[in-house]
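Notes follow the structure.
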Amino acid sequence: MTETSSRRSDYARLLDRAIRILAMRDHSEQELRRKLAAPVMGKNGPEALDVTPEEVDKVVEWCIENRYLDDERFVRQFIASRSRKGYG
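If you use the numbering used here, the sequence shown closes out at 89, no skipped numbers anywhere.
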């Protein structure tokens with residue numbers, strides 16, 4: 002596999018991971034960045050992904066542009082959730 006195609010597949014894996022994370026619940030941009038940079042659990046324990054900050058930036062931008070990631074929506078839902086639970 003060439004370096005270019007390897008980077009494309011890394012980007013695709015990172016984008017897939019971001020979409021799976023955001024499918025569970027809304028996250029803030031900061032939370033998503035932290036989770037994308039963190040090691041993932043593999044069959045043999047934690048596995049570090051070889052991701053660059055530029056790749057994380059590119060994936061986060063894609064998520065924002067395609068409305069998968071929205072800090073304002075996250076805050077509204079976070080506040081509503083805490084209000085329902087009796088906080089504040």
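Beta carbons: idealized from backbone N, C-alpha and C, even for Gly.
Predicted, not measured: the structure shown is a model, and the values here were computed from it.
**Message:** Applying the 10 Å Cβ sphere with the 16-neighbour rule, what's the burial state of V61?
**Reply:** Position 60 of the sequence shown, counted from the first residue, corresponds to residue 61. Around the beta carbon of V61, a 10 Å sphere encloses 16 or more other beta carbons of the protein chains shown; the residue is thus reported as buried.
**Prompt:** Among residues of its own chain, excluding the 5 on either side of E48, which ones have a beta-carbon nearer than 8 Å to its beta-carbon?
**Reply:** In the sequence shown, residue 48 corresponds to position 47, counting from 1. The beta carbon of E48 is closer than 8 Å to those of P40, V41 and M42 in its chain, skipping five residues each way along the sequence.
**Request:** Could you pull out every residue in the same chain whose Cβ sits closer than 7 Å to the Cβ of Y69, ignoring the five residues on either side in sequence?
**Result:** If you number the sequence shown from 1, residue 69 lands on position 68. I20 and L23.
**Request:** Measure the alpha-carbon distance for D17 versus Y88 and round it to whole angstroms.
**Result:** What you label residue 17 is simply residue 16 of the sequence shown in a count that begins at 1. What you label residue 88 is simply residue 87 of the sequence shown in a count that begins at 1. The C-alpha of Y88 is placed about 34 Å away from the C-alpha of D17.
**Prompt:** From what residue to what residue does the beta strand (DSSP E) around R40 run?
**Reply:** What you label residue 40 is simply residue 39 of the sequence shown in a count that begins at 1. Residue identity differs from the one stated: residue 40 is Pro in this sequence, not Arg. Per DSSP, P40 lies in no beta strand (DSSP E) segment and is marked neither H nor E.
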